[in-house]
Amino acid sequence: MVGVSVPSYGESMQIRAVDHPLAAARLTTLRDETTGNAAFRGALSDLTQMLIYEALIGAPVTEVPITTPVVATTGVKLASPPLLVPVLRAGLGMVEQAHAMVPEANVGFVGIARNEETREPVPYLESLPDDLTGQPVFVLDPMLATGGSMLHTIELLVSRKATDITAVCVVAAPEGVAALENSGYPVRLVTAAIDDGLNEVAYITPGLGDAGDRQFGPR
Ligand code: URA
51 MVGVSVPSYG
61 ESMQIRAVDH
71 PLAAARLTTL
81 RDETTGNAAF
91 RGALSDLTQM
101 LIYEALIGAP
111 VTEVPITTPV
121 VATTGVKLAS
131 PPLLVPVLRA
141 GLGMVEQAHA
151 MVPEANVGFV
161 GIARNEETRE
171 PVPYLESLPD
181 DLTGQPVFVL
191 DPMLATGGSM
201 LHTIELLVSR
211 KATDITAVCV
221 VAAPEGVAAL
231 ENSGYPVRLV
241 TAAIDDGLNE
251 VAYITPGLGD
261 AGDRQFGPR
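Just so we're aligned: 167 in this note's numbering is position 117 of the sequence shown, and the numbers increase by one with no gaps anywhere.
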């Protein structure tokens with residue numbers, strides 16, 4: 051973990067859960083062990099669209115003058131498009147769709163593997179802008195399990211002065227949610243499900259298995 055000192059925001063973390071039959075149906079596809087890699091990637095992409103939609107509800111917009119084929123009028127654009135940060139490997143399956151939803155967004159990358167013995171995050175890649183002052187950031191990682199990878203990523207962002215961070219996750223475990231809440235970092239969570247908990251090897255249950263393997267095959 052990166053040693054950074056940030057103010058605690060002292061509020062309970064905002065959690066938004068996508069509550070829609072289509073989201074529930076795509077999540078069912080992801081959970082089903084008979085779903086193959088290609089169908090898994092498709093359902094993950096669809097669900098990412100819904101999560102990004104949810105994450106941007108209420109986002110500030112700027113008015114822009116436009117002319118329709120009929121008349122001059124006023125439209126809007128996002129005032130501050132979020133920096134999209136997929137956490138490799140599993141977050142790769144979310145970034146294309148998130149970018150399609152917010153084409154003007156910049157994209158950073160964080161790579162974190164998991165030590166299967168200690169279950170500790172093992173960072174191997176960091177490609178982020180140096181200064182994130184005033185920049186909203188969406189961290190894309192399908193699984194919020196122990197919260198170790200997400201916290202490492204948030205610490206990288208906070209050390210670059212980010213103060214507006216959204217964790218965009220398909221499935222969260224209560225342990226991961228608690229880790230974010232207790233961190234005191236300026237983060238909110240958008241997810242499609244908060245599952246029962248972690249099993250003895252820190253997989254989310256019922257969960258959907260290894261989100262990286264299910265997209266790309268075993269390492
Ligand atoms: N990472 C995954 O891909 N799945 C889990 O259940 C937990 C961590």
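Even glycine gets a Cβ: it sits at the ideal position worked out from N, Cα and C. These figures come from a predicted structure and were not determined experimentally.
Environment of ligand 1, chain-ordered: Met193, Ala195, Tyr253, Ile254, Gly257, Asp260, Ala261, taking every residue with Cβ within less than 5 Å of a heavy atom. Separation of serine 199 and isoleucine 162 (C-alpha to C-alpha, rounded to the nearest whole angstrom) is 7 Å. Collapsing the DSSP output to three states places isoleucine 204 in a helix.
Ranking Thr78, Leu239, Tyr253, Ile102 by CA distance to the CA of glutamate 166 puts Tyr253 first. In the three-state reduction of the DSSP assignment, proline 224 falls in the helix class, which pools H, G and I.
Residues of the same chain with a CB within less than 6 Å of the CB of threonine 213, apart from the 5 flanking positions on each side, are Pro236 in chain order. Valine 120 sits in coil when the DSSP states are folded into three classes, being neither helix nor strand. Remark: C-beta atoms of threonine 203 and valine 137 approach each other more closely than 8 Å. Secondary-structure assignment with DSSP links glutamate 113 through a beta bridge to Val126. Under the three-state reduction of DSSP output, proline 71 falls in the helix class. Relative to valine 114, the option among Val120, Gly108, Val126 whose CA is nearest is Val126.
For leucine 248, the closest C-alpha among the options Val240, Leu258, Thr241 is that of Leu258. Judged by DSSP in its simplified three-state form, valine 145 adopts helix. Taking C-alpha positions only, proline 153 is separated from cysteine 219 by approximately 20 Å. One thing to note: valine 135 has its Cβ no nearer than 8 Å to the Cβ of glycine 108. Under the criterion of beta carbons closer than 8 Å, alanine 195 and glycine 226 qualify as touching, at roughly 6 Å. The beta carbon of asparagine 156 is closer than 6 Å to those of Leu133 in its chain, skipping five residues each way along the sequence. Pairing valine 187 with leucine 207 gives a Cβ-Cβ distance under 8 Å. By the Cβ neighbour-count rule, threonine 216 is buried, with 16 or more other Cβ atoms within 10 Å of its own.
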